Amino acid sequence: MIDNEMIKKLKSDLTVYMKAKDMEKLNVIRGILNEINIRDMKNIKINDEEITKVLRSEIKKRKESIESFEKGERQDLIDKESKEIAVIEQYLPAEISDEELFNKVKAVTDVSTDKSFGTIMKAAITAVNGQANGKRISLAVKKALENN
Numbered sequence: 196m197i198d199n200e201m202i203k204k205l206k207s208d209l210t211v212y213m214k215a216k217d218m219e220k221l222n223v224i225r226g227i228l229n230e231i232n233i234r235d236m237k238n239i240k241i242n243d244e245e246i247t248k249v250l251r252s253e254i255k256k257r258k259e260s261i262e263s264f265e266k267g268e269r270q271d272l273i274d275k276e277s278k279e280i281a282v283i284e285q286y287l288p289a290e291i292s293d294e295e296l297f298n299k300v301k302a303v304t305d306v307s308t309d310k311s312f313g314t315i316m317k318a319a320i321t322a323v324n325g326q327a328n329g330k331r332i333s334l335a336v337k338k339a340l341e342n343n
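Per this note's numbering, the very first residue in the sequence shown carries number 196; after that it's consecutive.
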């Protein structure tokens, strides 16, 4: 696998959770490393940005599960998914404020010659570098384009 600081941290924590017999956290980390391995086998370049995508994707899956469990009134499963989200979130970079996010998106919008949503969104995702989720970036891009 790729030699990356985040992967080293995940593997190190995997060992810690194995020794502590913490099966909940262990299974979450195994799942993340498995997703990274799958992307590596598909020849997707594994870097911090790609790992952040994997982490956000795993959180999104769990949030969708929570919505389903809420409809079925399964509090035990809601609690399990919420704990797993908390484990994953500790590996994500800290989120930036809405104001910082808007300023980064605005800077991207100002220098771009193509003012289409897709172009600005793609550049904004790169500029934000995993410090905000896609939904927040999308809202900031819409706001920046309205103000232009």
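Just so it is clear, CB atoms sit at the ideal spot from N, CA and C, and this is done for glycine as well. What you are looking at is a predicted structure, and each value in this text was computed from that prediction instead of being measured.
Contact annotation: R251 and I280 have beta-carbon atoms that are not nearer than 8 Å. The DSSP-derived three-state label of S333 is helix.
Between A327 and I291 the beta-carbon gap is near 6 Å, inside 8 Å, which marks them as a contact. A residue is called buried once 16 or more other Cβ atoms fall within 10 Å of its Cβ, and I239, having fewer, is exposed.
Within the region 201-288, the complete alpha helix (DSSP H) segments at least 4 residues long are 218-236, 243-266, 270-284, listed from N- to C-terminus.
DSSP places G313 in the uninterrupted alpha helix (DSSP H) bounded by 312-323. Under the three-state reduction of DSSP, T308 is assigned to coil, being neither helix nor strand.
By the beta-carbon neighbour count (other beta carbons within 10 angstroms, threshold 16), I332 is buried. In the three-state scheme derived from DSSP, where H, G and I count as helix and E and B as strand, A327 is classed as coil. Distances from the CA of A339 to each of N298, G325, I261 were compared; the closest alpha carbon is that of N298. When rounded, the separation of the alpha-carbon atoms in V323 and K301 is 11 Å. V336 and D293 have their alpha carbons spaced roughly 12 Å apart.
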